[in-house]
Amino acid sequence: MFTNSRNQKPGVTIQAIKQHRLYHHPLIRAGVSVASRIRNAARTAVRAITSKEFRSIIQLRVLNAQHVHQTTPLTSMNRYPVIFSACRDYLGDNGNLKILSYGCSTGEEVLTLRQYFPTAHIVGAEINKHSLAVCKKRSVDEKITFVHSSFGELQKHGKFDAIFCMAVLQRKPNLIEGKGITSLQKIYPFEKFEKQLIDLDKLLKPQGLLTVHYTQYSIMDTTIAPQYESLGDYNQDDYRSPVFDKNSLIIRNPVSRKSIFVKKPNEHST
Ligand SMILES: C[S@@+](CC[C@H](N)C(=O)[O-])C[C@H]1O[C@@H](n2cnc3c(N)ncnc32)[C@H](O)[C@@H]1O
9 MFTNSRNQKP GVTIQAIKQH RLYHHPLIRA GVSVASRIRN AARTAVRAIT
59 SKEFRSIIQL RVLNAQHVHQ TTPLTSMNRY PVIFSACRDY LGDNGNLKIL
109 SYGCSTGEEV LTLRQYFPTA HIVGAEINKH SLAVCKKRSV DEKITFVHSS
159 FGELQKHGKF DAIFCMAVLQ RKPNLIEGKG ITSLQKIYPF EKFEKQLIDL
209 DKLLKPQGLL TVHYTQYSIM DTTIAPQYES LGDYNQDDYR SPVFDKNSLI
259 IRNPVSRKSI FVKKPNEHST
């Protein structure tokens, strides 16, 4: 009846059972549900035993839930060439520039920034201890530093001329889309996003660049918005997941959201 060849994955079998007419029987449904949970728990246990990266993510979710945003360390070299080029064109490159890559994962973003800013000081900040350890093992020049992303630590290195916060200020975007979730209140409330931006703003020099890309909320909804104006038309239009308003509720027809912002000069600095 519910045949399973040796090569067939358990997930495929459960899927096949769900499509069978007997799946409507309450006992079968309950059995499938239990089997599914056992399978998920077993997978999690195996990953926790075999993968340092996975353990580190679990640790973050449990022990650092208050501070962590996106937990997935997905990254690659030169992920945002158009944005990086625009920021380089605006800032130029000189040995005094200070650049922060907030949420640098395993360091590829920092190595990429070095190509755009050959002489700048670059700080890569990460909350995930495993990713940070990978960063620290990299062979880099003396003007690149990798640090834990606590505010106190970053204050020692700032203030910065540019801050890149790319694909960090979001939570489980794929799952949220898949499950049709309409409120982020419990998963990733707007206030957490806003507090992070307030902290980043404190670390940025007047006339510096705040680049915030692939987010579930808009910087324009936060209290720092009046201090910023967008640079060019660089935007998040290719962000494929749902976006949310300042009440953490889904926006059905979102407007275009910009990615690069210039901090206005201090009133007293002119
Ligand atoms: C999807 S990766 C993005 C990496 C890189 N910025 C990029 O766009 O390729 C998100 C990273 O943000 C990090 N992260 C999440 N919350 C953070 C926090 N509070 N401080 C520093 N890093 C954080 C995660 O650990 C993860 O490495």
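In terms of my numbering, the numbers along the sequence shown are unbroken and rise by one, the last being 278.
The beta carbon of each residue, even a glycine, is placed where N, CA and C say it ideally should be.
Rounded to a whole number of angstroms, what is the C-alpha to C-alpha distance between residue i and residue j?
i	j	result
residue 268	residue 37	50 Å
residue 145	residue 80	20 Å
residue 232	residue 32	53 Å
residue 262	residue 238	18 Å
residue 10	residue 45	For residue 10, the predicted structure reports a pLDDT of 37, less than 50, and the residue's modelled location is therefore unreliable. The matter cannot be settled from this model.
residue 243	residue 39	48 Å
residue 63	residue 69	10 Å
residue 275	residue 260	38 Å
residue 26	residue 41	10 Å
residue 90	residue 204	25 Å
residue 108	residue 66	26 Å
residue 172	residue 195	23 Å
residue 73	residue 185	21 Å
residue 105	residue 246	30 Å
residue 71	residue 43	29 Å
residue 30	residue 23	13 Å
For residue i, tell me which candidate among the options has the shortest Cα-Cα distance.
i	options	result
residue 155	252, 211, 147, 143	143
residue 83	90, 66, 118, 59	118
residue 136	151, 203, 149, 115	115
residue 153	110, 185, 187	110
residue 86	124, 56, 53	124
residue 198	252, 157, 49, 221	252
residue 187	32, 103, 255, 250	250
residue 240	45, 35, 47, 95	95
residue 163	189, 182, 120, 133	133
residue 228	190, 43, 201	201
residue 148	120, 179, 43	120
residue 280	230, 219, 248, 48	The structure shown has nothing for residue 280, since the chain only spans 9 to 278.
Does any C-beta atom of chain B lie closer than 8 Å to the C-beta of residue i?
i	result
residue 52	Of the chains in the structure shown, none is chain B; there is only one protein chain.
I'd like the list of long-range same chain contacts for residue i, defined as Cβ closer than 6 Å, with 5 residues on each side in sequence excluded.
i	result
residue 77	176, 177
residue 54	none
residue 192	252, 256
residue 60	138
residue 226	265
residue 151	129
So, at 8 Å on beta carbons, what are the nonlocal neighbours of residue i in its own chain, with the 5 sequence-adjacent residues on each side left out?
i	result
residue 235	209, 271, 272
residue 217	95, 98, 99, 169, 170, 171, 239, 268, 269, 270, 271
Apart from the five residues on each side of it in sequence, which residues of its chain come closer than 7 Å, Cβ to Cβ, to residue i?
i	result
residue 159	207
residue 266	238, 242, 243
residue 215	270, 271, 273
residue 140	134, 154, 156
residue 254	198, 229
Taking three-plus beta-carbon pairs below 8 Å as touching, is the region 118–137 in contact with the region 99–108?
yes
Would the region 202–222 count as touching the region 161–176 if we require 3 or more Cβ pairs under 8 Å?
yes
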